[in-house]
Amino acid sequence: MNVLIIGAGDIGFQLAKRLLLEKHNIIIVEKNPHQVKRANEQLDAMVVEGHGASFRTLKKAQLESADIVAGMTDQDEVNLMACMMAKRVGVPTTIARVRNPQYTAPDFILKPEDLGVDLVIHPEKETADAIVRLIHQSSATDVLEFEGGRIQLLGIRLEQDAPILRVPLKELGQRFGNPPMRIVAINRKQRTVIPRGEDILVRGDQIFVISDPEYIPEFIELAGKSETRIDNVMILGGGLIGQFIARRLSREINVKIIESSAEKSQEIADILPDTLIIHGDGTDIDLLALEGITEMDAFIAVTGDDETNIIATLVARHLKVPRTIALVNKVEYLPITPTIGMDAVVSMQLITVNAVQRFIRHKQIASINTLPGVDAEIIEFIARPKSKITQKPLRKIHFPKQAIIGAVMHNGELIIPRGDTQIQPDDRVLVFMLPQARTEVEKFFK
Amino acid sequence: MRFGSVIHILGFLMVFLSVAMVIPVPFSLYYGDQDYLALLSASGITLVCGILAFLFTRFDQELRPKEGFAIVTLGWLVFSFFGSLPFIISGYIPSFTDAFFETMSGFTTTGATILTDIEALPHGLLFWRSLTHWIGGMGIIVLSLAILPFLGVGGMQLFKAEVPGPVADKLTPRITETAKILWGVYLLLSAVETILLMLAGMNLFDALCHTFGTMATGGFSTRNASVGAYNSALIDFIIIFFMILAGTNFSLHFRFLRGDWRAYFRNVEFRFFMTIIGIALLLVGADTFRNHYSDPFEGLQKTLFQVVSILTTTGFGTADYEHWAFSSQFVLFTLMFIGGCAGSTGGGLKVVRIFILFKFVFSEIVRLLHPHAVVPVRIGRTVVPRDVMGNILGLFVLFMIIFVTGVFVMAALGLDIDSAFGAVAACLGNIGPGLGSVGPTDNYAHIPTAGKWVLAALMLMGRLEVFTVIILFSPTFWKK
Numbered sequence: 021m022n023v024l025i026i027g028a029g030d031i032g033f034q035l036a037k038r039l040l041l042e043k044h045n046i047i048i049v050e051k052n053p054h055q056v057k058r059a060n061e062q063l064d065a066m067v068v069e070g071h072g073a074s075f076r077t078l079k080k081a082q083l084e085s086a087d088i089v090a091g092m093t094d095q096d097e098v099n100l101m102a103c104m105m106a107k108r109v110g111v112p113t114t115i116a117r118v119r120n121p122q123y124t125a126p127d128f129i130l131k132p133e134d135l136g137v138d139l140v141i142h143p144e145k146e147t148a149d150a151i152v153r154l155i156h157q158s159s160a161t162d163v164l165e166f167e168g169g170r171i172q173l174l175g176i177r178l179e180q181d182a183p184i185l186r187v188p189l190k191e192l193g194q195r196f197g198n199p200p201m202r203i204v205a206i207n208r209k210q211r212t213v214i215p216r217g218e219d220i221l222v223r224g225d226q227i228f229v230i231s232d233p234e235y236i237p238e239f240i241e242l243a244g245k246s247e248t249r250i251d252n253v254m255i256l257g258g259g260l261i262g263q264f265i266a267r268r269l270s271r272e273i274n275v276k277i278i279e280s281s282a283e284k285s286q287e288i289a290d291i292l293p294d295t296l297i298i299h300g301d302g303t304d305i306d307l308l309a310l311e312g313i314t315e316m317d318a319f320i321a322v323t324g325d326d327e328t329n330i331i332a333t334l335v336a337r338h339l340k341v342p343r344t345i346a347l348v349n350k351v352e353y354l355p356i357t358p359t360i361g362m363d364a365v366v367s368m369q370l371i372t373v374n375a376v377q378r379f380i381r382h383k384q385i386a387s388i389n390t391l392p393g394v395d396a397e398i399i400e401f402i403a404r405p406k407s408k409i410t411q412k413p414l415r416k417i418h419f420p421k422q423a424i425i426g427a428v429m430h431n432g433e434l435i436i437p438r439g440d441t442q443i444q445p446d447d448r449v450l451v452f453m454l455p456q457a458r459t460e461v462e463k464f465f466k
Numbered sequence: 051m052r053f054g055s056v057i058h059i060l061g062f063l064m065v066f067l068s069v070a071m072v073i074p075v076p077f078s079l080y081y082g083d084q085d086y087l088a089l090l091s092a093s094g095i096t097l098v099c100g101i102l103a104f105l106f107t108r109f110d111q112e113l114r115p116k117e118g119f120a121i122v123t124l125g126w127l128v129f130s131f132f133g134s135l136p137f138i139i140s141g142y143i144p145s146f147t148d149a150f151f152e153t154m155s156g157f158t159t160t161g162a163t164i165l166t167d168i169e170a171l172p173h174g175l176l177f178w179r180s181l182t183h184w185i186g187g188m189g190i191i192v193l194s195l196a197i198l199p200f201l202g203v204g205g206m207q208l209f210k211a212e213v214p215g216p217v218a219d220k221l222t223p224r225i226t227e228t229a230k231i232l233w234g235v236y237l238l239l240s241a242v243e244t245i246l247l248m249l250a251g252m253n254l255f256d257a258l259c260h261t262f263g264t265m266a267t268g269g270f271s272t273r274n275a276s277v278g279a280y281n282s283a284l285i286d287f288i289i290i291f292f293m294i295l296a297g298t299n300f301s302l303h304f305r306f307l308r309g310d311w312r313a314y315f316r317n318v319e320f321r322f323f324m325t326i327i328g329i330a331l332l333l334v335g336a337d338t339f340r341n342h343y344s345d346p347f348e349g350l351q352k353t354l355f356q357v358v359s360i361l362t363t364t365g366f367g368t369a370d371y372e373h374w375a376f377s378s379q380f381v382l383f384t385l386m387f388i389g390g391c392a393g394s395t396g397g398g399l400k401v402v403r404i405f406i407l408f409k410f411v412f413s414e415i416v417r418l419l420h421p422h423a424v425v426p427v428r429i430g431r432t433v434v435p436r437d438v439m440g441n442i443l444g445l446f447v448l449f450m451i452i453f454v455t456g457v458f459v460m461a462a463l464g465l466d467i468d469s470a471f472g473a474v475a476a477c478l479g480n481i482g483p484g485l486g487s488v489g490p491t492d493n494y495a496h497i498p499t500a501g502k503w504v505l506a507a508l509m510l511m512g513r514l515e516v517f518t519v520i521i522l523f524s525p526t527f528w529k530k
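Line order of the protein sequences matches chains A and B.
Quick note, the first sequence lines up with residues 21 to 466 if you use our numbering.
Quick note, the second sequence lines up with residues 51 to 530 if you use our numbering.
See below:
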């Protein structure tokens, strides 16, 4: 398909990179010459220099022949304007990144249809949601939800005294009474592997589990962790993400925001009455100590600057804050975050790119996700009557070894599949796979 | 440097080359020559070497600019080396130096030959000689990009390193699509020219060989007297027309074929290209119309042919310009440096660069008068980015340094000064015929062995626009 991406900033760039892997034709419109240069050098795409809300520029970028237009600049108005023009010339699918929540509030006068947008993505809001999930599930490194929360995927790092260590995976079921969960991947020494029955878990492994949410507290104990109650949270960075998180949490939890700009501190203090706003530098240890960082149950670093977030999180970990969550946007940094001891990491770019990709492919699949720092994809397929996967029981279909079926939703019921399970048409099948297995897995669902 | 990836792709290119070597075989058989044996065995050797290189190495990850430059330069060297095998094996050009020179001259679309009697060559070899032009004209990398999908992003690096001009034009989102379009247009124009030449009286063999020479702006002919041998005004004008097309940016042809009728005349570079042809025609015509041709039509035919042939760096001949006035010869000599448009198959510095250099000089004058003025250099309405400007100035200086050094080396090897200037300009600009003892009616056979290697190196530098080749010799390139 021809995809026209407006904006080659971090999000647009990552989106282009991902869509190129799926063999789409990419045209990018970007006004900053440096970004144009970077895109030209690193992407097999056509880059048009110009303003995304200018029709002439869009015409030069072959707007008429685009199948999808994705407005990914950090200016809502440019994104929306581009989508409106795209709809007017008959582009079938439009996607806009929108920061300002007012534009999609129920009382806003223009509906997305009026704006010509088929999908509105709020990267800041979705990132905030992901962080809030991690606060609620405080021992996980990653939390993803599927089927409206009926299935959860949890990433968790194993502690020394976890009961499930040193047991071959195939015996886990017997020993712990066939729990409704499946270990779908192990991240060990920065390599992601799909586990086999003989594999044994060791301390320090990060494992990914697909499970019924009700079983999760029990499983967290098996992994050697205990859920800590979170009462006090410190947020570094009072940008949009910080504000969203504060708004979501401040009803039940004490929230403090540290913001370095005096002006912005004033501004957010006005709009967030339940939250304490501190004006100061978040990497200043004295200030953090003064504000009682040692008494905090969680520390969330969500400034716009990756380096600040990383350093501040490391400082917080050093001061023994039990739960730290950092926003890291540079995709290149994601693989190193576990090595330097960071606990949970969220990437706004990945979240946005996942959302766009899910929407583009929504006809074949129900969802697609990737996790920061893990070289794998989690795709939820819908089985068709003619799909290869529905023809025989799983044991007999030779599913690729680099992929694993984590869960099946059959008539609204969660099944953890076994060798004798046979997948029925219209079942939703959650597959965890390494990237190299993707084309082969897709063949099973055609 | 990831040698594995480089050798892997070179192996792939060699497989291509071996296939190309089979193409002349039917002509050899049709004319009852024996040279198909040489072509087939050369093809076999290339195929085996290519497959070995391909099988014993792995392509890992993406290509970095470093590997890109290495692949392009080494690719051209490998092509010239294996491409010379048919000449050597058949015994028609027994010396390796001569065969390599001839093949390099073919692939770089120079058209300088060491053959004293071209017509003595059998048809298969003649065809192969012209085919090297055609393959090299649009570029071996551009061809492989059209067929090799896995190069992806790295492909852009290769593309930039091979396609002539300051900025590589992307016609479509994907580089492989752009490469396919360029080859498609090239193929189409070649087919049209072949048909026209046949209608004008050539047989299929001659028509194809001359089309290869024209569309690639090469210059190898199948006749000792070049295109002049046909003595036909119709053929001359067909070839003039297609030399101009070959010297024009191919993306303009694409736009034109897609229905943008004004594509050519909206393009500043093309207009400047036409202006240069006009001025050169006037300057040379002032001499030739008066002193050499009594019939004005014949005067136009001969003068225009030589001007276009030299400017587009083709190098076909229908008249011996060495009999013309020195002023006319000097005009032609100057044209050698200008060359075709960016994105064409022509050599030289490229019209757009000359245009930008002129504009740059004018902007400097304005700046002297108004010290605080901000004067961007523009082509039409678009501003030339500063880094492109720097690149053009750098290339110009480097080009001149190489030219001067080349002339010195050739003079030191015993050439007279006319011939040294002519040979170096003609090889560096990928033209073919030069001045003095390497003029349009002469050849390069008498150049000493060392000189042939120097000239072959100049051809490669000219074709790949100097930087791509020079970079391999810079210490920074080899630093880890």
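By construction, the Cβ of each residue, glycine as well, lies at the ideal position given by its N, Cα and C atoms.
On a predicted model such as this, the values are computed, not experimentally measured, just so you know.
Simplified DSSP state of residue i, which is helix, strand or coil
| i | result |
| --- | --- |
| Ile294(B) | helix |
| Ala332(A) | helix |
| Arg448(A) | strand |
| Gly426(A) | strand |
| Leu175(B) | helix |
| Leu173(A) | strand |
| Glu69(A) | strand |
| Met254(A) | strand |
| Val213(A) | strand |
| Gly486(B) | helix |
| Lys275(A) | A small fix is needed here, since residue 275(A) is Val in this sequence, not Lys. If DSSP states are grouped into helix, strand and coil, Val275(A) belongs with the strands. |
Contact set for residue i: own chain, Cβ-Cβ below 8 Å, skip 5 residues either direction
| i | result |
| --- | --- |
| Ala403(A) | Ile409, Thr410, Ile443, Gln444, Pro445, Asp446, Asp447, Arg448, Val449, Phe465 |
| Met439(B) | Ile406, Phe410, Val427 |
Nearest-angstrom Cα separation, counted from residue j out to residue i
| i | j | result |
| --- | --- | --- |
| Asp256(B) | Thr159(B) | 18 Å |
| Gln263(A) | Ala321(A) | 12 Å |
| Glu238(A) | Asp64(A) | 48 Å |
| Ile436(A) | Ile417(A) | 17 Å |
| Leu399(B) | Met386(B) | 9 Å |
| Val253(A) | Gly300(A) | 17 Å |
| Leu296(A) | Val118(A) | 27 Å |
| Phe527(B) | Ile520(B) | 10 Å |
| Met362(A) | Thr372(A) | 22 Å |
| Tyr353(A) | Met71(B) | 49 Å |
Own chain residues within Cβ distance below 6 Å of residue i, not counting five before or after
| i | result |
| --- | --- |
| Arg268(A) | Val152 |
| Met368(A) | Pro143, Thr147, Asn349 |
| Thr228(B) | Lys220, Leu221, Thr222 |
| Val229(A) | Leu174, Met201, Ile203 |
| Asn14(A) | What the structure shows of chain A is the stretch from 21 to 466, and residue 14(A) is not part of that stretch, so it cannot be assessed. |
| Gly217(A) | Leu189, Lys190 |
Close Cβ partners of residue i (< 7 Å) along its chain, the five nearest in sequence each way excluded
| i | result |
| --- | --- |
| Pro420(A) | Ala457, Glu460, Val461 |
| Leu463(B) | Pro498, Ala500, Gly501 |
| Leu139(A) | Ile115, Phe379 |
| Ile225(B) | Leu195, Gly205, Met206, Phe209 |
Residue i: CB within 8 Å of a non-hydrogen atom of the ligand ADP
| i | result |
| --- | --- |
| Arg108(B) | Summarising the ligand content, the structure contains no ligands, and the ligand ADP is consequently not present. |
### Query
Is the number of C-beta pairs between the segment 145-159 of chain B and the segment 244-256 of chain B that are closer than 8 Å three or more?
Contact check between the segment 145-159 of chain B and the segment 244-256 of chain B: fewer than three CB pairs, one atom from each, fall below 8 Å, which does not count as touching.
### Message
Short of 8 Å Cβ to Cβ, which residues in the segment 30-54 of chain A face chain B?
### Response
Leu40, Asn45, Ile46, Ile47, Pro53
### Query
Do the segment 352-369 of chain B and the segment 332-344 of chain B meet, that is, are 3 or more Cβ pairs less than 8 Å apart?
yes
### Sufficient close CB pairs (3 or more, under 8 Å) joining the segment 238-252 of chain A to the segment 140-159 of chain A
yes
### Message
Tell me which residues of the segment 66-91 of chain A have at least one Cβ-Cβ distance to chain B shorter than 9 Å, keeping chain order.
### Response
Per Cβ criterion, the list reads Met66, Val67, Gln82.
### Task
May I ask you to list, following chain order, the residues of the segment 212-241 of chain B that have a beta carbon less than 7 Å from some beta carbon of chain A?
Lys220, Thr222, Pro223, Arg224, Ile225
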